[in-house]
Each structure stands twice: as structure tokens, then as C-alpha cells.
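S.K.: In my numbering, the protein residues as written are 301 to 618.
The beta carbon of each residue, even a glycine, is placed where N, CA and C say it ideally should be.
1. Quick check: the segment 443 to 460 against the segment 488 to 495, are there 3 or more CB pairs under 8 Å?
2. Please report how far the alpha carbon of residue 518 lies from the alpha carbon of residue 370, in whole angstroms.
3. Could you check if residue 541 is buried or exposed, using at least 16 other CB atoms within 10 Å of its CB as the buried criterion?
4. For the candidate residues 589, 435 and 498, whose alpha-carbon lies nearest to that of residue 309?
5. Can you tell me where the alpha helix (DSSP H) holding residue 310 begins and where it ends?
6. Is residue 375 helix, strand or coil by DSSP?
7. What is the DSSP secondary structure of residue 562, counted as helix, strand or coil?
8. Please state if the CB of residue 450 and the CB of residue 383 are separated by a distance shorter than 9 Å.
9. Quick check: the Cα distance between residue 596 and residue 588, rounded to an integer number of angstroms?
10. Sorted by chain position, which residues of the same chain lie with C-beta nearer than 8 Å to residue 454's C-beta, five sequence neighbours on each side aside?
11. Within 10 angstroms of the Cβ of residue 539, are there 16 or more other Cβ atoms? Answer buried if so, exposed if not.
12. State the Cα-Cα distance for the pair residue 373 and residue 400, rounded to the nearest angstrom.
13. Just checking my contact of residue 422 with residue 306 at CB under 8 Å: how many whole Å lie between their CB atoms?
14. Tell me which same chain residues have a C-beta within less than 7 Å of the C-beta of residue 501, skipping the five on either side of it?
15. Taking the beta carbon of residue 610 as the centre, do at least 16 other beta carbons fall within 10 Å, making it buried, or is it exposed?
16. Could you give the DSSP three-state label for residue 350: helix, strand or coil?
17. I want to know whether the segment 600 to 616 touches the segment 564 to 575 - three or more CB-CB distances under 8 Å.
18. With contact counted as at least three CB pairs below 8 Å, one residue from each stretch, are the segment 460 to 472 and the segment 405 to 413 in contact?
19. At which residues does the alpha helix (DSSP H) containing residue 461 begin and terminate?
20. With a Cβ-Cβ cutoff of 9 Å, do residue 311 and residue 428 count as a contact?
21. Once you ignore the five residues that flank residue 515 on each side, which residues in its own chain have a CB closer than 8 Å to its CB?
22. Please check the pair residue 447 and residue 528, which I expect to be a contact at CB under 8 Å, by giving their CB distance rounded to whole angstroms.
23. Classify residue 428 as helix, strand or coil using the three-state DSSP reduction.
24. How long is the line joining the alpha carbons of residue 613 and residue 388, rounded to whole angstroms?
25. In chain order, what residues of the same chain lie with their CB nearer than 6 Å to the CB of residue 335, ignoring the 5 residues before and after it?
26. Smallest Cα separation from residue 469: which of 550, 580 and 457?
27. Kindly indicate which three-state DSSP category residue 403 falls into: helix, strand or coil?
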């Protein structure tokens with residue numbers, strides 16, 4: 301799907317007329333062409349703006365810096381990670397940006413929340429940009445704002461898990477570990493997006509014109525990224541603390557169970573010894589001929605069991 305946007309005054313306006321015959325002129329007039337999983341015909345239509353063909357998905361996902369940030373005859377290329385969410389779990393998707401003097405071209409496979417929000421804001425004339433480079437910086441600015449909101453959500457969820465682990469005596473600790481593992485995974489994906497955005501903005505600052513008005517905004521984004529990275533580091537520390545605490549509480553519960561079995565074994569050891577002695581089949585055992593030998597042996601076994609139990613209570617081991 302190809303979506304086109306034009307700069308009208310200081311705002312971005314979406315232009316997606318259904319008439320396919322007018323597609324060529326619509327693309328030529330566009331200040332931003334957003335290609336989401338384009339078809340072969342749409343790739344061919346975009347080909348006239350590029351000396352090389354539109355990148356494939358495998359090319360976009362390359363992790364080497366030389367493949368993600370470079371400048372060629374087509375313009376400035378930036379491949380940046382964006383956060384996505386599916387089935388309650390966060391993931392990352394790469395968006396390829398090609399910045400040209402006349403237009404910005406974006407290529408992606410999925411419909412990301414950041415781009416849905418940008419389209420909604422464009423329909424309300426809330427996206428201010430007077431050039432393709434200003435629009436690119438605006439996209440990154442909104443991306444960082446959304447990442448900040450996600451970090452706040454994770455912080456709130458972490459506070460809930462913290463209450464569950466540290467204050468709720470009836471908490472399901474296995475559930476807490478599962479929730480912490482998901483939060484740690486999401487936190488890692490956000491950190492990856494933040495680091496990638498830092499690299500993207502730094503690269504753009506090196507290649508944007510020296511007098512470009514968006515350079516100050518780009519520097520502010522870098523400052524916000526530094527703040528978010530510090531917050532992410534704090535969340536990682538808290539997740540690790542809660543994970544260690546949860547595992548410690550589980551170990552304490554298991555030790556309590558083992559302690560009960562250990563005490564039971566010690567308590568029943570002396571009575572078992574007495575029973576074993578009088579269970580022997582020797583011919584000469586004087587106590588066997590005693591009239592009260594059997595009840596005396598039973599009383600002895602009870603007392604032998606009570607004695608270690610009373611000693612443990614005296615030592616506050618129980």
C-alpha cells in the first residue's frame with residue numbers, strides 16, 4: 301500500500317485519491333511517500349524516484365551500521381527500529397527512511413502504531429513540518445514520545461508486581477516471575493529502540509545541512525533519549541531486584557518444607573531405634589519376659605519422640 305502526504309503551509313496533509321490513473325502525478329507531488337508492504341507494481345512506481353530498487357525486507361533488517369546508515373545518490377538512508385506489539389508482547393520492526401531534497405520515502409512491512417498515530421494527527425492538521433527533513437525529525441520525535449509513554453506503562457506494571465512480591469503474603473510467586481520475565485523482555489526491546497534512535501539522530505545530525513532549522517529539535521531528542529536511557533537502566537535494576545527477591549522467597553518456602561521433613565525425621569529417629577531394638581529376634585532379651593515390657597517400650601518411644609521436639613522448641617528452631 302502506498303500512502304502519500306503533501307506539505308500544505310506548515311502542516312502535513314494526506315492525499316490518497318483512489319484514482320489509479322493519477323498515481324504518477326500524486327507520487328510526484330508528494331512530500332512523503334509511505335510504502336507499507338508494497339506490491340510489485342507499487343515498487344515499480346517508486347522505482348523512478350530511485351537509482352536502485354526499493355530495499356527488500358532482508359536488506360532492511362541488516363544490523364551492520366554501514367547497511368543501516370549511509371548516503372548515496374538517492375539521498376540519506378536510515379533504517380530505524382520501531383516498537384510494535386502483538387498478543388500482549390512487544391517486538392521491533394525496522395522502517396527504512398530515504399530522505400531526498402524533494403520528498404521522504406518510508407518503507408516498512410507492518411502497520412505500526414507510530415505511523416497510525418501520525419496519520420490520525422495529519423488528518424487533524426496537527427503535524428507541523430515545512431520540509432521532508434522536518435517531517436523525518438517529527439517522526440522520530442513522536443517515536444521517542446511513544447517510547448516514553450511505554451516506559452511509563454512498564455513502570456506502573458512493575459510497581460504492581462513489586463506490591464505483589466514484597467507485600468502480598470498470598471501472592472503467586474510463579475506468576476510474578478512470569479510477569480517479570482515479560483517486563484524484562486519489553487524493557488529490553490525498548491532499550492534497543494532507544495539506542496537505535498540515538499544512532500539514527502546522531503547520523504542525521506552529521507549529514508543534515510549546517511543551517512537546517514531542525515538541528516535544534518534533533519539535539520533535544522538526543523537529550524530526551526539520554527533521560528529515557530537512564531530510566532530504562534533503573535527499570536532493569538528494579539526488575540533484577542524483584543526477580544532475585546521472588547526467587548529468594550520461593551527458596552525460603554522450599555526450605556520451610558525441607559525443614560519440616562528434616563525435623564520429622566529427627567523426631568521419629570529415637571522411637572524407631574527403640575522399636576528396632578525390641579524387634580530383634582535374639583533368644584535372650586530380658587525385657588521380653590516382663591509383664592509390662594510392651595507398654596513400657598511404647599512409653600519409651602513416645603518420650604524419645606517428645607524429647608527432641610521439646611529441645612527444638614527450646615532452641616527456637618521451630
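M.R.: Let me lay it out:
1. The segment 488 to 495 and the segment 443 to 460 touch, with three or more beta-carbon pairs separated by less than 8 Å.
2. Spanning the two alpha carbons is a distance of roughly 18 Å.
3. Residue 541 comes out exposed.
4. Nearest neighbour of residue 309 by Cα position, chosen from 589, 435 and 498, turns out to be 435.
5. Unbroken run through residue 310: none, as it is neither H nor E.
6. Here residue 375 carries a strand assignment [DSSP, helix/strand/coil].
7. Correct three-state label for residue 562: helix.
8. For residue 383 and residue 450, yes; Cβs fall inside 9 Å.
9. If you take the alpha carbons of residue 596 and residue 588, they lie about 11 Å apart.
10. 483, 486, 487, 490 and 535, listed in sequence order.
11. By the neighbour-count rule (16 or more Cβ atoms within 10 Å), residue 539 is buried.
12. Answer to the nearest angstrom: the Cα atoms are 9 Å apart.
13. About 10 Å separates the two Cβ atoms, so there is no contact after all.
14. Excluding residues within five positions, the ones whose Cβ falls inside 7 Å are 440, 518, 521 and 522.
15. With fewer than 16 neighbouring CB atoms inside 10 Å of its own CB, residue 610 falls in the exposed class.
16. DSSP places residue 350 in coil when its eight states are reduced to three.
17. Because the criterion of three Cβ pairs below 8 Å is met, the segment 600 to 616 and the segment 564 to 575 touch.
18. With the rule of 3 Cβ pairs closer than 8 Å, the segment 460 to 472 does not count as touching the segment 405 to 413.
19. Taken as a continuous stretch (DSSP letters only), the alpha helix (DSSP H) holding residue 461 covers 432 to 466.
20. Yes, Cβ-Cβ distance for residue 311 and residue 428 is below 9 Å.
21. Shown here for residue 515: same chain residues with a beta carbon closer than 8 Å to its own, the five before and five after excluded, namely 505 and 508 in chain order.
22. Confirmed, about 7 Å.
23. The three-state reading of DSSP puts residue 428 in strand, counting E and B together.
24. Cα to Cα, the separation comes out at about 50 Å.
25. Hits under 6 Å: 302 and 407.
26. With distances taken between Cα atoms, residue 469 lies closest to 550.
27. DSSP places residue 403 in coil when its eight states are reduced to three.
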